[in-house]
Each structure stands twice: as structure tokens, then as C-alpha cells.
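S.K.: Counting from 3, one number per residue, gives the positions in the sequence shown under the working numbering. No residue lacks a Cβ here, since even glycine has one placed at the ideal position from N, Cα and C.
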Amino acid sequence: MVKNILNKIQIIDKIKAIINWKIIMELKTEIKPKALVEFSVSVLPAEYNKYLKKAAEKISRDIKIAGFRPGKAPYNIIKARVGEGEIMNEALKEIITHTFIEAVEQEKIDTIGQPEINVRKMAPGENLEYTATVTILPCVTLPELTDIEIEKKDIGIEYKEIKHTLDYLARSRAKEILKNRAADDKDLVKLDYNISIAGVQQDGGQQKNFSVYLGEKHMVPGFEENIIGLKAGDKKRFKAIFPKNYFQKNFAGKECQFDIKIKQVFQLDIPDINDEFAKAIGDFKNLDELKKQIEDNIKQEKLAKQERKLENDMFDKLIGKTEFGEISDKLIENEINMMINEIKSDLEIKGLQFNTWLGNMEKKEEDLKKDFRPKAIRRIKSALIIREVAKKEKIEANDNDIKEEIKKLEDLYHDNIETLDRLKSHEYYDYIVNSLTNKKVVDYLKSKITQK
């Protein structure tokens, strides 16, 4: 997502702010193919000695040294105990972090992601030498924002939309009356089913006690028609063709065999939709108030959908008119992997296995990565546009924005200790800052483009 890429960029910016001293070093820079840069760094012992002292202090806090409190042993005592090589190992990460950021600052090159480090020479009393290869952040040249034109249609609400919601509410409050008769239109039928193709059972094609509301036409075409007339205990085998755009790709567009067994048939006693019904639903004086609330809800949903479409169309136009430098394969691969991890997390929440999901899609992970590449590039370009606009217009989340957002989340999750603890973490703070900054930039863009 956009925020993931921006977060990586802001991590670098944050580290830059933390470093408040210059490091004298020998630096050679080489621009590599595929939007990479290699820094060759050599640091004198006199420059990295201060890091050795900090590392020794850290080591002394973790080991017992007779006669000294944790973290208070002199450097020479610690060196004699663990060896100067061990101290250098401990200090290496901080030395490289600081010198790498110094190199980026000195060369004025925008980079993204973690550098690939190759330590060429590391010995006490000698120059520390290493190379750092990292992705160059593509340069961005924005178009004139007022040249971006987006169509924005008026929102209309038809009465049939309100009626559909009223019917759903009434049906959800219907009394289920068990019947010993054949199923008829408008009944609720509970059944078991098994789906096979050419005699082979399919993953995700079995269900027990599945509820079918006859007349709603939510099932595959022809399914409901084969249920009408059956009663509890009846079995039936029939064939039906799934729509070509069905979400489970192993069924999409295919003729499948259904084996069903009827478990129960219920008649639905649906309440009349009147003032009494509205009062039973909630804090409504009459049916007109309920209808008004439903209309407002539908309008808000449509407005939210319209805003999402507007933003999507806006970024499509912006991407088409913005000039981008070379985007490295590594950056694209990282974004694709991020997208796959997002899917895995969503599936895990739903109790599903990634490999099973892939099987239902009739794809391998490599196929998925190939399919995701255009979307990954679009996400990267969107993030680069947001970053460039934020930098150019000096847009950022201020302290009040951040405090208000945290307060909202704390009020929302006041009884969830685990979530409240997460809200206090540095990672979540960064997430909030990035999200608020993104929103401010998007709002700014929408205010500048032409909406027809």
C-alpha cells in the first residue's frame, strides 16, 4: 500500500534527524544499472572508536565483571574479557548505519529500503571498509494539477433501494416455522451439498447445514429451481454452470455436479413493514423515520464509494501525466511481496490457508506475483506522487492531528488492552503519522484538480 512505501522513506528521514554529528570517512559512489547505487566507505579508527566505547558499555551491562556494576566497567577491562573483535562486532551495526546515512546525505541521493552491506575489512586498529548497495528512489516531475480533470456524477437514491433494505430487515426478523412439506418459493431450506467436476470432488465444494433463502437468487443459476418441491430427507443430483466471474476460479464458468440432501424446510413468518415494525427496529417514532435513516445510510455509502472512485481516477490521471525516473526491480519485488503478505494476513484472519486459496484460484505463487506486478508499480507511483506533493507543499500531520487521532482510537478500543498497548508503540505512531499525512495530501490534490 501507499503507506508502506512512504513508511520506508520516512524511516530514512527519521534516522537522518537522529544523527547529530559528522563522520569523517573516505567515500566513493558508483551508480549501478537497474536504479541502484553502491557506496564504498572507509572509516578511520579515530572516527569509529566512540562507537566501540558505546558497544563495550552495552556488553558490560549484559555480562558480570567482578568489582564493577553493570555498564560501569572500564573499556580496557571489557576488551580483555571479551576481545576487541567482539566489541567491533557489537558496534558494527551502529557504525554502518551512521556512516551509510552520512554517505546518502553527502551525495544528496534519495534512497529507499535496506542497503545490502558487504564488509570488506574489519580489524581492530585498522580502517573499517564496506560497500552498501541500495535502491535509488525514482525522481518525480509532477504535472500542473489543474490540468487533471475528473468526472464526478451526482448521487441519486431510488425508492427500490430503500425498499430492498426494509425487506432485508423484515426477513432478518422473520420467525422460522419448521414445516413437514415440500419447499416452496420464499421458504428457508437447510441442506448439505457436495460439488464435483467430472466425478472429482472439489476443494471448497462441501457444506453442511447450508441455508438457502428461496427467491433471493443468490445461488448459482438453476440451484434454487432444483430445490423447490423437495422435502426433508430428499436427495437430488443435478448440474449447473457457475458464472464466468465467480470468485472461486476452480468453479468459474464450469459445469458442476451438485449432490444435495435436504435437512429442514422452514416457512418464514415475515413481519409487516409498518410503524410498529420501525419502533421494534430501534429508536424510531414511525416508519418514515426509519426510511429517512436508511436513505441517509445509503447516501453515505454512495458518497464514500464515489470518493474512492474519484481518488482512484485521480491517481490514474496523475500517474499518466507524471514523469518518473527508473523504478528498480527490487522496489517492485518488495511491493509485490508486501501485497502477497497482505493477502496471507487477510486469509489467516478468516481461518483460510494461502495454498488452498491459491489452489482455488488455479494459480501458483509465481503466477500471482506476475499478475500483481502492474498493480505494484501503480502503488509505488502513487506513493511517490504523495511523497513529492507532501515535500513540495510542506504538508505533514501536526501534533494536534496526531493527538486527536490517537484519542479517537483510544476511545474506540478502551476495553481492548492489547490494542491499547499497540497504540502506544513507535510503529503505530509512525503508522498514524503516515496515514494522516497521506489523507492531507489526497485532500490537497482533490482541492486542486478540476472536478466536472
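Using CA coordinates, which residue listed in K56, Y248, L270, I243 is at the minimum distance from Q259?
M.R.: By one-based count along the sequence shown, residue 259 stands at place 257. For Q259, the nearest C-alpha among the options comes from I243.
S.K.: Within 10 Å of its beta-carbon, does Y170 have 16 or more other beta-carbons around it, so buried, or fewer, so exposed?
M.R.: Residue mapping note: residue 170 aligns to position 168 of the sequence shown, counting from 1. Burial call: exposed.
S.K.: For D64, does the count of other Cβ atoms within 10 angstroms reach 16, so buried, or fall short, so exposed?
M.R.: Start at 1 with the first residue of the sequence shown, and residue 64 comes out as number 62. Under this definition D64 is an exposed residue.
S.K.: Does the distance from the C-beta atom of A125 to that of V43 stay below 8 Å?
M.R.: Residue mapping note: residue 125 aligns to position 123 of the sequence shown, counting from 1. Residue mapping note: residue 43 aligns to position 41 of the sequence shown, counting from 1. No.
S.K.: For V222, does the three-state DSSP call read helix, strand or coil?
M.R.: What you label residue 222 is simply residue 220 of the sequence shown in a count that begins at 1. It is coil, neither helix nor strand.
S.K.: Inspect the beta-carbon positions of V191 and L168 and report whether they are closer than 8 Å.
M.R.: As a first step, residue 191 is located in the sequence shown; it is residue number 189 there, counting from the start. As a first step, residue 168 is located in the sequence shown; it is residue number 166 there, counting from the start. No; because the gap between Cβ atoms is not below 8 Å, this pair is not in contact.
S.K.: Checking 8 Å against the spacing of the C-beta atoms, do I150 and T452 come in under that value?
M.R.: Counted from its first residue, the sequence shown places residue 150 at position 148. Counted from its first residue, the sequence shown places residue 452 at position 450. Cβ atoms of I150 and T452: closer than 8 Å.
S.K.: Taking the C-alpha atoms as reference points, what is the distance between I159 and Q295?
M.R.: Here residue 159 is taken as the residue at index 157 of the sequence shown, counted from 1. Here residue 295 is taken as the residue at index 293 of the sequence shown, counted from 1. Rounded to the nearest angstrom, the two C-alpha atoms are 13 Å apart.
S.K.: Which of the three DSSP states, helix, strand or coil, is assigned to R71?
M.R.: The sequence position of residue 71 within the sequence shown is 69, counting from 1. Here R71 sits in coil by DSSP.
S.K.: Could you have a look at Y431 and say whether DSSP puts it in helix, strand or coil?
M.R.: The residue labelled residue 431 in the question sits at position 429 within the sequence shown. DSSP places Y431 in helix when its eight states are reduced to three.
S.K.: One question on the structure: do G73 and E59 come within less than 8 Å of each other, judged by their Cβ atoms?
M.R.: What you label residue 73 is simply residue 71 of the sequence shown in a count that begins at 1. What you label residue 59 is simply residue 57 of the sequence shown in a count that begins at 1. Cβ atoms of G73 and E59: closer than 8 Å.
S.K.: Given that a residue counts as buried once 16 or more other Cβ atoms are within 10 Å of its Cβ, and exposed if not, what is K442?
M.R.: As a position in the sequence shown, residue 442 is number 440, starting the count at 1. Under this definition K442 is a buried residue.
S.K.: How many whole angstroms separate the CB atoms of I382 and L447, which I take to be in contact at a CB cut-off of 8 Å?
M.R.: By one-based count along the sequence shown, residue 382 stands at place 380. By one-based count along the sequence shown, residue 447 stands at place 445. So it is not a contact: roughly 17 Å between Cβ atoms.
S.K.: Would you report the Cα separation of G87 and I342, rounded to the nearest angstrom?
M.R.: Counted from its first residue, the sequence shown places residue 87 at position 85. Counted from its first residue, the sequence shown places residue 342 at position 340. When rounded, the distance between both Cα atoms is 41 Å.
S.K.: Helix, strand or coil: which one does DSSP assign to Q250?
M.R.: The residue given as residue 250 occupies position 248 in the sequence shown. It is coil, neither helix nor strand.
S.K.: Rounded to the nearest angstrom, what separates G235 and L193 at their Cα positions?
M.R.: The residue you call residue 235 lines up with position 233 of the sequence shown. The residue you call residue 193 lines up with position 191 of the sequence shown. Going by the C-alpha atoms only, they are around 9 Å apart.
S.K.: Do I114 and V39 have their C-beta atoms within less than 8 Å of each other?
M.R.: Here residue 114 corresponds to residue number 112 of the sequence shown, with the count starting at 1. Here residue 39 corresponds to residue number 37 of the sequence shown, with the count starting at 1. It is not a contact, given that the beta carbons lie outside the stated cut-off.
S.K.: If contacts are defined as beta-carbon pairs under 8 Å, then D403 and L438 qualify, I think. What distance do you get, rounded to the angstrom?
M.R.: What you label residue 403 is simply residue 401 of the sequence shown in a count that begins at 1. What you label residue 438 is simply residue 436 of the sequence shown in a count that begins at 1. D403 to L438, Cβ: 5 Å. Contact.
S.K.: Counting Cβ pairs closer than 8 Å, one from the segment 225–234 and one from the segment 246–264, do we hit at least three?
M.R.: As far as the Cβ criterion goes, the segment 225–234 touches the segment 246–264, which means the pair count is three or higher.
S.K.: Using CA atoms only, rank isn't needed, just tell me which of P245, Q203, V214 is closest to V222.
M.R.: Position 220 of the sequence shown, counted from the start, is the residue given in the question as residue 222. Here the closest residue by C-alpha is P245.
S.K.: Where do the N-terminal and C-terminal ends of the alpha helix (DSSP H) with Q355 fall, by residue?
M.R.: Mapped onto the sequence shown, residue 355 falls at position 353. It is not in any alpha helix (DSSP H) - Q355 carries neither H nor E in the DSSP assignment.
S.K.: With respect to 7 Å, is the separation between the Cβ of A134 and the closest non-hydrogen atom of the ligand NAP below this value?
M.R.: You won't find the ligand NAP in this model; it holds no ligand whatsoever.
S.K.: Measuring CB atoms only, is the segment 275–283 touching the segment 196–204, in the sense that at least three cross pairs come out at less than 8 Å?
M.R.: The segment 275–283 vs the segment 196–204: no contact.
S.K.: Apart from the five residues on each side of it in sequence, which residues of its chain come closer than 6 Å, Cβ to Cβ, to T143?
M.R.: Taking the sequence shown and counting its residues from 1, the one referred to as residue 143 is at position 141. Hits under 6 Å: E325.
S.K.: Within 10 angstroms of the Cβ of N436, are there 16 or more other Cβ atoms? Answer buried if so, exposed if not.
M.R.: Taking the sequence shown and counting its residues from 1, the one referred to as residue 436 is at position 434. Flag for N436 reads buried.
S.K.: Can you look up I152 in the DSSP assignment and give me helix, strand or coil?
M.R.: The count along the sequence shown starts at 1 and reaches residue 152 at position 150. I152 falls in the strand class under three-state DSSP.
S.K.: Extract the residue ranges of the beta strand (DSSP E) inside the segment 22–84, only unbroken runs of 3 or more that lie entirely within it.
M.R.: 27–34, 38–45, all fully within the segment 22–84.
S.K.: Under the three-state reduction of DSSP, which class applies to T101: helix, strand or coil?
M.R.: Taking the sequence shown and counting its residues from 1, the one referred to as residue 101 is at position 99. In this structure, T101 counts as helix in the three-state DSSP scheme.
S.K.: Measure the beta-carbon distance from L386 to P140 and round it to whole angstroms, keeping in mind my assumption that it falls under 8 Å.
M.R.: Walking along the sequence shown from the start, residue 386 turns up at place 384. Walking along the sequence shown from the start, residue 140 turns up at place 138. That pair is a contact at about 6 Å.
S.K.: Going by DSSP in three states, S330 sits in which element: helix, strand or coil?
M.R.: Position 328 of the sequence shown, counting from 1, holds the residue named residue 330. Looking at S330 - three-state DSSP - the assignment turns out to be coil, as it is neither helix nor strand.
S.K.: Mind checking A82: buried by the 16 CB within 10 Å criterion, or exposed?
M.R.: By one-based count along the sequence shown, residue 82 stands at place 80. Under this definition A82 is an exposed residue.
S.K.: When DSSP builds the beta bridges, which residues end up paired with E131?
M.R.: Your numbering for residue 131 matches position 129 in the sequence shown. DSSP lists S44, K123 as partners of E131.
S.K.: Could you tell me the alpha carbon to alpha carbon distance between Q269 and N357, rounded to whole angstroms?
M.R.: Locating residue 269 in the sequence shown gives position 267, where the first residue counts as 1. Locating residue 357 in the sequence shown gives position 355, where the first residue counts as 1. Using only the alpha carbons, I get a separation of about 40 Å.
S.K.: According to DSSP, D194 sits in a beta bridge with which residue or residues?
M.R.: On the sequence shown, position 192 is the one that residue 194 refers to. DSSP, once it has assigned bridges, lists K263 as partnering D194.
S.K.: Just to confirm, are L46 and I26 a CB contact at a threshold of 8 Å?
M.R.: The count along the sequence shown starts at 1 and reaches residue 46 at position 44. The count along the sequence shown starts at 1 and reaches residue 26 at position 24. Yes, Cβ-Cβ distance for L46 and I26 is below 8 Å.
S.K.: Check N276 in the structure and name its three-state DSSP category.
M.R.: By one-based count along the sequence shown, residue 276 stands at place 274. Note: N276 maps to coil in three-state DSSP.
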